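Participant: Just so you know, the sequences run in chain order F and Z. Residue numbering for the first sequence follows my numbering, beginning at 1 and increasing consecutively. Residue numbering for the second sequence follows my numbering, beginning at 1001 and increasing consecutively.
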Amino acid sequence: EAEVAQSPRYKITEKSQAVAFWCDPISGHATLYWYRQILGQGPELLVQFQDESVVDDSQLPKDRFSAERLKGVDSTLKIQPAELGDSAMYLCASSFSGPGVDGYTFGSGTRLTVV
Amino acid sequence: AQSVSQHNHHVILSEAASLELGCNYSYGGTVNLFWYVQYPGQHLQLLLKYFSGDPLVKGIKGFEAEFIKSKFSFNLRKPSVQWSDTAEYFCAVITTGRRALTFGSGTRLQVQP
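#1: Can you check which of these residues, F:Ser66, F:Asp51, F:Val115 and F:Pro61, is closest to phenylalanine 96 of chain F by C-alpha distance?
#2: Quick one: residues in its chain with C-beta nearer than 8 Å to the C-beta of serine 1018 of chain Z, no 5 flanking neighbours on either side, listed in chain order?
#3: List, in chain order, every chain Z residue whose beta-carbon is nearer than 7 Å to that of alanine 90 of chain F.
#4: Count the other CB atoms within 10 Å of the CB of arginine 9 of chain F; is the residue buried (16 or more) or exposed (fewer)?
#5: Cysteine 1023 of chain Z bridges to which residues according to DSSP?
#6: Distance, Cα to Cα, glutamate 44 of chain F vs glycine 103 of chain F?
#7: Going by other Cβ atoms of all chains shown within 10 Å of its Cβ, with 16 needed for buried, is tyrosine 1039 of chain Z buried or exposed?
#8: Below 8 Å, how does it come out for the segment 1002-1013 of chain Z and the segment 1062-1071 of chain Z: are there three or more Cβ pairs, yes or no?
#9: Since tyrosine 1036 of chain Z and leucine 1044 of chain Z are thought to touch, with beta carbons under 8 Å apart, how far apart are those beta carbons, to the nearest angstrom?
#10: Is alanine 1100 of chain Z close to chain F? Criterion is C-beta to C-beta, closer than 7 Å.
#11: Could you give the uninterrupted runs of the alpha helix (DSSP H) lying entirely in the segment 29-70 of chain F, keeping only those of 4 residues or more?
#12: Going by beta-carbon coordinates alone, are histidine 1010 of chain Z and arginine 1108 of chain Z separated by less than 7 Å?
#13: Grouping DSSP H, G and I as helix and E and B as strand, with all else coil, what is lysine 1069 of chain Z?
#14: Decide if isoleucine 1012 of chain Z is buried, meaning its Cβ has at least 16 other Cβ atoms within 10 Å, or exposed.
#15: Between alanine 117 of chain F and tyrosine 35 of chain F, how many whole angstroms is the CB-CB distance? I'm expecting something under 8 Å.
#16: For the candidate residues Z:Ala1065, Z:Gly1029, Z:Asn1024 and Z:Pro1113, whose alpha-carbon lies nearest to that of threonine 1096 of chain Z?
#17: Quick one: residues in its chain with C-beta nearer than 6 Å to the C-beta of alanine 20 of chain F, no 5 flanking neighbours on either side, listed in chain order?
#18: Between which residues of its own chain and phenylalanine 1103 of chain Z is the CB-CB distance below 8 Å, once the five residues before and five after are set aside?
#19: Name the DSSP beta bridge partners of leucine 112 of chain F, please?
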């Protein structure tokens, strides 16, 4: 079964440092999503890509977060500088034609701890 | 804006008990509805989905959900739970004009043997 790959699996960083997460969606999936899941809460959308274009980044804290998907395949989410409140699970998901048809396939996530 | 409410935050059941997890959404138009499950240490997996047609949807592992439009609800049910159903369950919705799922806060289910 095809999977969405994410790395690293775990990341511990100090406050004010930069951190980056990587996601490789299922081959052929044009739509890619980054979600943040704080412990005890549901996933919240940060940014959505259609191919290499950003479709929705209205919930992305743009003063410190950035995301790119330069060739429309894999994607990187960056935080600089990291803050204590950024500690969460960062989930990547992809879909072939949008969630209204097949839902998403999620990766295993990157658990970020900011100390 | 679309939103999803899951009022049961933590449910504890004994094996063989029946399960019903509540999910309510706020949107008056056409919706697509989903239930996802997250087993301990694993990624989110699709349990079932509703797009149109029969409001009673059957998913994997014996789960089903019923879409009741008049109540804006999409409750998840299973007649007899097993210890292996211990997991966190998330309801999600997407509405006309939106491009991404909105998730509820989740319900943690603990099944005791």
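Beta carbons are placed, not taken as given, at the ideal position from N, Cα and C, and that holds for glycine. Since this is a predicted model, take the numbers as computed values, not measurements.
Facilitator: Reading off the structure:
#1: Out of F:Ser66, F:Asp51, F:Val115 and F:Pro61, F:Asp51 has the C-alpha closest to the C-alpha of phenylalanine 96 of chain F.
#2: Arg1077, Lys1078, Pro1079, Ser1080 and Val1081
#3: Checking the sequence, you will find tyrosine at residue 90 of chain F rather than alanine. Under the 7 Å cutoff, chain Z gives no residues; its nearest Cβ is about 12 Å from tyrosine 90 of chain F.
#4: Exposed: under 16 other Cβ atoms inside 10 Å.
#5: Cysteine 1023 of chain Z pairs with nothing; no bridge assigned.
#6: Each residue's CA atom was taken as its position, placing glutamate 44 of chain F and glycine 103 of chain F some 15 Å apart.
#7: exposed
#8: No: fewer than three Cβ pairs fall under 8 Å.
#9: 5 Å
#10: yes
#11: none
#12: yes
#13: If DSSP states are grouped into helix, strand and coil, lysine 1069 of chain Z belongs with the helices.
#14: exposed
#15: Residue 117 of chain F is absent from the model: chain F starts at 1 and stops at 115.
#16: Z:Gly1029
#17: Thr76 and Lys78
#18: Val1004, Tyr1036, Phe1090, Cys1091 and Ala1092
#19: F:Lys11 and F:Ala88
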